[in-house]
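Everything below concerns the one structure shown next.
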Amino acid sequence: MNDKKAKNNGKIYAGIILISLVLLYAGVFLFRKPDNVSESANISYDNLGQMEDTGGNHDSKDYQDPIKYKHIKTEINGYEQEIHILEIDLSDDRVEVMPVLSYGKVYGFDLLSNMAREHNAYAAVNAGFFHKYGQPSGMVVLRGKMYTGSTGKYPVLVTSGGTAYLKEIQTEYFIEYNNRRFYIDNINQPAKNGEIVLYTPEYGSSNRLDKDNLTAVIQKGRVKEISRMSGECSIPDDGMLLSAVLPAGKDENVFPFKVGDEVNFRYLPDLGKNAHAYECGSWIVKDGEIVIGERDEWVGVMTNRDPRTAVGVMDDGTLVFIVVDGRQPGFSAGLKGKELGEFILDYGIRNAAMLDGGASSEMIVKDKIVNRPSFKGQERPIAGAFIIKKETGDGSMSR
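Count along the sequence shown starting at 1, add 38, and that's the number in this note's numbering.
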């Protein structure tokens, strides 16, 4: 009898040990931190504003929040780091990520908090690089409408139809007229000698030209006037300008259409009428490899530890924004370029690109600046941002 009882007890103990080992093994993967994050890292997770289940039988996926915010406090290579992450499931039609420009114009600066409030954003992150007066460094497309063209040198973040991807884009621009195409050089950029550039109201009140030019005034899709100008020309609110800066000594009409013709602006590749696009800085990681160098055209030296902002796309399509605080000894040092690449790969992101960093690095979640900007903790005026909107219970896109 005692032998039988001992055998049964032995089976129970063996079962307990087996179950414990299985749970321990599973826990290693379920709660694994990125490889280069300190074992003492403090990681907090926030499923922002989880939709309330009003009862009944529901598929849990339908009520899973499409936006996740994570705050990681850790040590990387001996330096304290504060890292803020937004994960966005674009396949959920309750969420939308889109670029915005300060005041909706090509030129100018504004605070990220102002842009977030203006667009009723659920969350917001500073966007890419910009020129002296706020002009974006490359392509900007909002709901299929092009604001500025691509350089073809850097990856463009495109969001469309519940998906996101990063890709270099070389754009062609043309005017359609009488079933023909008239190719031009650019859109909403200062025209150089010999160039033909299109200007829309987003560029400002005029084309800002200070050279002799030939300009076609287009209103409501028709050519209203073609004139030789010695300087700038006003852009109609309901139209656009097509300006040709002619080489010295040339005076001919370079436009193949005439006053009264119906014309339309087109670009290729056509991203689609609901697509958003914003040109980033250099690749950080591409196809699972760290490709960022020690110097960058926009950032400069990448071997310094500085505040960083990056955007990446996971293999499952999840869009990820990362903001790393820096230049604050004892709080957060910031990352070198390759350190950022290592963190991104360890996080499970195989493709990611630089956004503007330094004092511009900033993330807002539910009206709160969640990171600590490097200049006295204050916001820096920036040219553009990514805003994240989420549908509320009444079907509107708001906080």
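C-beta: ideal position from N, C-alpha, C; glycine also.
Give me whichever residues DSSP pairs with Glu317 in a beta bridge.
Val194
When DSSP builds the beta bridges, which residues end up paired with Gly350?
Val358 and Ala390
Would you mind sorting Lys99 into buried or exposed? The rule is 16 or more other CB atoms within 10 Å of its CB.
Here Lys99 scores only 44 on pLDDT, less than 50, and its place in the model is too uncertain to base an answer on.
Going by beta-carbon coordinates alone, are Leu24 and Val358 separated by less than 8 angstroms?
Since the first residue shown for the chain is 39 and the last is 437, residue 24 is missing from the structure and cannot be characterised.
Counting Cβ pairs, one atom from each stretch, are 3 or more of them under 8 angstroms apart for the region 155–163 and the region 300–316?
no
Should Ser244 go down as buried or exposed, given a rule of 16 or more other Cβ atoms within 10 Å for buried?
exposed
Any idea which residues DSSP pairs Lys306 with across the strands?
Inspection of the sequence shows that residue 306 is occupied by Leu rather than by Lys. Note: Leu306 sits in a beta bridge opposite Glu210.
How would you write the range of the alpha helix (DSSP H) that Met153 sits in, first residue to last?
Leu150 to Glu156
So Lys183 is in the beta strand (DSSP E); what residue range does that whole segment cover?
Lys183 to Thr186
Starting from the C-beta of Ser198, find all residues in its chain whose C-beta is less than 8 angstroms away, skip the five residues before and the five after it, and write them out in chain order.
Leu309, Gly310, Asn312, Ala313 and His314
Can you give the Cα-Cα distance for Trp336 and Cys318, rounded to whole angstroms?
10 angstroms
I'd like to know whether the C-beta atoms of Val179 and Leu139 end up nearer to each other than 8 angstroms.
no
Quick check: what's the CA-CA separation for Gly116 versus Gly368?
11 angstroms
Report yes or no: do three or more beta-carbon pairs, one from the region 164–173 and one from the region 230–238, lie closer than 8 angstroms?
no
8 angstroms Cβ shell around Gly298 - same chain, five flanking residues per side excluded:
Arg260 and Val261
Just reading off the beta strand (DSSP E) that Gln277 is part of, what are its end residues?
Just to set this straight, residue 277 is Gly in the shown sequence, not Gln. Counting along the chain, the beta strand (DSSP E) containing Gly277 begins and ends at Gly277 to Ala282.
What residue does the alpha helix (DSSP H) around Tyr237 start on, and which one ends it?
It is not in any alpha helix (DSSP H) - Tyr237 instead sits in the beta strand (DSSP E) that spans Ile234 to Tyr237.
Buried or exposed: where does Gln438 fall if 16 or more other Cβ atoms within 10 Å of its Cβ makes it buried?
Because residue 438 is not part of the residues shown, which for the chain are 39 to 437, the question remains open.
Should Asn409 go down as buried or exposed, given a rule of 16 or more other Cβ atoms within 10 Å for buried?
buried
Can you have a look at Tyr221 and say buried or exposed, based on whether 16 or more other CB atoms are within 10 angstroms of its CB?
exposed
Please list, in chain order, all residues of the same chain as Thr201 whose beta carbon is under 8 angstroms from its beta carbon, the five residues on each side excluded.
Leu128, Ser129 and Gly355
Express the C-alpha separation of Lys296 and Glu417 in angstroms, rounding to a whole number.
49 angstroms
Which same chain residues, not among the five before or five after Asn224, have their C-beta less than 8 angstroms away from its C-beta?
Gly187, Tyr211, Glu233, Val235 and Leu236
Distance, Cα to Cα, Gln366 vs Thr341?
17 angstroms
Report the three-state DSSP secondary structure of Phe168 (helix, strand or coil).
strand
Measure the alpha-carbon distance for Met352 versus Leu383 and round it to whole angstroms.
10 angstroms
Can you tell me the Cα-Cα spacing of Tyr316 and Pro307, whole angstroms?
14 angstroms
What residues are listed by DSSP as bridge partners for Glu118?
Glu113
Cβ distance (whole Å) where Ala391 is taken to contact Pro174 below 8 angstroms:
Between Pro174 and Ala391 the Cβ distance is about 14 angstroms, and since that is not below 8 angstroms, they are no contact.
Using only CA atoms, which one of Glu120, Gln102 and Ile273 lies nearest to Arg343?
Glu120
So, at 7 angstroms on beta carbons, what are the nonlocal neighbours of His122 in its own chain, with the 5 sequence-adjacent residues on each side left out?
His109, Val361, Met401, Val408 and Asn409
Determine the extent of the alpha helix (DSSP H) in which Phe381 is found, giving its start and end residues.
Gly375 to Tyr385
Any chance the CB of Asn217 is under 7 angstroms from a heavy atom of the ligand MN?
Questions concerning the ligand MN fall outside what the structure shown contains, since it holds no ligand whatsoever.
So Val144 packs on Glu240, CB below 8 angstroms; how close in whole Å?
6 angstroms
Whose C-beta lies closer than 8 angstroms to the C-beta of Leu373 among residues of the same chain, with five residues either side of it excluded?
Ile114, Gln119, Arg343, Asp344, Arg346, Val362, Gly364 and Phe381
Cβ distance (whole Å) where Ile425 is taken to contact Phe147 below 8 angstroms:
Contact flag wrong, Cβ pair sits at about 16 angstroms.
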